[in-house]
Structure formats: structure tokens, C-alpha cells
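In the working numbering, the protein residues as written are 41 to 302.
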């Protein structure tokens with residue numbers, strides 16, 4: 041059994057495993073050279089409140105980035121939500137991961153549910169909150185809006201130009217978008233993350249290299265340290281030292297030193 045629909049035909053669908061892993065990869069490979077790590081915020085499946093006149097209206101982006109805000113709410117605590125009129129800064133990038141239940145709204149093709157509000161005469165009237173597209177484009181004016189489908193591995197990039205989203209043309213074989221303000225780009229990467237090999241949305245640097253996760257950085261540092269140690273051992277042996285002498289000098293075992301010479 042892969043997935044079954046809800047008994048509620050109006051339910052848009054619940055996030056799957058991909059909706060957990062993909063945002064993790066985006067956050068863990070985000071390397072902003074112009075912002076300290078405590079001066080930006082990334083949110084995942086977090087309520088984003090956008091209208092001070094309708095304080096319950098919110099969207100729930102799969103992932104978003106806000107620049108030049110404290111990592112912690114009021115620099116003291118984790119956020120339970122992101123309230124735009126309190127924070128004073130709108131998101132700079134929003135990423136939505138398409139699913140069959142949300143695709144139309146994510147792409148601005150679907151109306152949203154009605155909400156009830158009291159009118160002046162005390163009667164209840166219904167008012168429609170705007171859809172995601174309108175909120176991101178017209179209200180929050182998010183500069184970069186990205187949608188990605190794990191079912192088709194298709195990514196679409198929208199850039200806010202003159203108050204309207206313009207879809208950016210991409211290379212079909214290597215779809216990438218450079219975001220100059222971040223000194224980073226987003227593209228599709230085929231590789232393994234958290235034990236899952238597939239196509240992922242991932243950040244890359246100005247040289248075109250995929251930026252590392254924290255675990256990948258630690259592994260790279262360990263490999264570099266081992267390479268440097270191996271070179272030290274080889275240099276000592278080339279001076280005429282015996283394996284026993286190198287062992288005493290470096291603290292390595294004879295077996296480790298012999299492995300370096302293979």
C-alpha cells in the first residue's frame with residue numbers, strides 16, 4: 041500500500057517523507073557569505089502569518105528563507121510561527137514541493153477555502169483569503185518563488201519583476217538558477233541524502249560546486265586531515281627513518297603506518 045486518499049474530499053493532503061527531507065537539505069546546504077548564521081531564518085512547514093487585518097490568515101510554505109532577522113525569536117527563543125507584521129521582514133525565498141493535493145494552489149490555479157467573519161450588522165459573512173500565489177506575489181512580494189515536483193523531478197523558478205512573477209527559462213539538461221543577492225544558486229542534484237538516492241533541490245556556489253551539509257563538511261575535514269597525516273608519514277620515511285621511529289614520533293601504530301605506504 042503506497043498511499044490512500046482521505047475520507048474528506050476537501051483535504052489537500054498531508055506531507056510525505058520527502059516534505060521532511062528536502063527542506064532539511066535546503067537548510068543544511070545554505071551557506072550565506074554575507075550573513076552570519078544567527079542573522080537569517082529558515083522555516084519548514086511553519087505557519088506564516090501575513091495580514092495584520094486578518095490575524096488568523098496564514099500560509100504554510102514547505103520551506104522559506106528570511107534575511108537579516110535574528111535566528112531566534114526576539115533573539116531568545118525558537119519560533120512557533122512567523123508573523124510578518126511583528127518581524128518586519130518578508131521572506132526572500134519560498135519553496136513549495138508540489139503534491140497532487142496542493143499543485144493547483146501552489147501554481148495559482150486554485151481558489152482557497154472560505155472563512156467566516158462578522159459584518160457590521162452582526163451577521164456572519166464569508167470572506168475569501170487569497171491563495172498562495174497572490175500572497176507571495178502581491179502581499180509579501182517574495183522575490184524568488186520556486187516549485188519542485190518529486191514526481192516529475194521538474195523545477196520551476198519564478199522571479200518577482202515589476203510586481204509580477206516571471207518564470208525563468210532553464211536549461212532542460214541542467215536546470216539551475218543563480219540568485220545574485222545570496223551569492224548562491226539552486227539546481228537539481230542527483231545524489232544520496234539521509235540514505236535516500238534521488239533527485240534533490242540543492243544549493244550551489246559561484247564555482248558551480250554543490251555546497252556541503254554539515255556532515256559532508258565534517259567528512260571532508262576528516263579526509264583532508266588523514267591525507268595530511270599520510271603525507272607527513274611518507275615524508276618521514278623518505279628521510280630514512282624506520283617505521284619504529286615514525287611510530288614513536290607520530291603516535292601511530294605500525295599497522296597504520298604500513299597502510300599509509302600501500
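Even for Gly, the Cβ is constructed at its ideal location relative to N, Cα and C. Bear in mind the structure is a predicted one, so any value in this text is a computation, not a measurement.
Check                                                                                                                                                                                              : Outcome
Does the structure place the segment 243-253 close enough to the segment 219-229 that three or more beta carbon pairs sit under 8 Å?                                                               : yes
How would you call residue 201, buried or exposed, if buried means at least 16 neighbouring beta carbons within 10 angstroms?                                                                      : exposed
Between which two residues does the alpha helix (DSSP H) harbouring residue 293 extend?                                                                                                            : Note, residue 293: premise wrong, no alpha helix (DSSP H); not H, not E.
Measure the C-alpha to C-alpha separation of residue 59 and residue 137 and round it to an integer number of angstroms.                                                                            : 7 Å
Taking the Cβ atom as the reference point for each residue, do residue 66 and residue 289 lie within a distance shorter than 8 Å?                                                                  : no
Please identify the residue among 198, 173, 112, 169 whose C-alpha is closest to the C-alpha of residue 101.                                                                                       : 173
In whole angstroms, give me the CA-to-CA distance for residue 68 and residue 269.                                                                                                                  : 29 Å
Determine the contact status of residue 182 and residue 214, defining contact as a CB-CB distance below 8 Å.                                                                                       : no
With a threshold of 8 Å, are at least 3 pairs of Cβ atoms found where one atom belongs to the segment 118-133 and the other to the segment 79-87?                                                  : yes
Just mark residue 297 as buried or exposed, buried being the case when its beta carbon has 16 or more other beta carbons within 10 Å.                                                              : buried
Rounded to whole angstroms, what is the Cα-Cα separation between residue 299 and residue 232?                                                                                                      : 29 Å
Report buried or exposed for residue 236, applying the criterion of at least 16 other Cβ atoms within 10 angstroms of its Cβ.                                                                      : exposed
Label residue 135 either buried or exposed according to how many other C-beta atoms from any shown protein chain fall within 10 Å of its C-beta, with 16 as the threshold for buried.              : buried
Could you check whether residue 106 and residue 75 sit closer than 8 Å to each other, using their CB atoms as the reference points?                                                                : no
CB-CB under 8 Å to residue 108, same chain, minus the five flanking residues each way: which ones, in chain order?                                                                                 : 75, 79, 80, 129
Please go through the same chain and pick out, in chain order, the residues whose beta-carbon is closer than 8 Å to the beta-carbon of residue 111, but skip the five residues on each side of it. : 77, 78, 79, 80, 81
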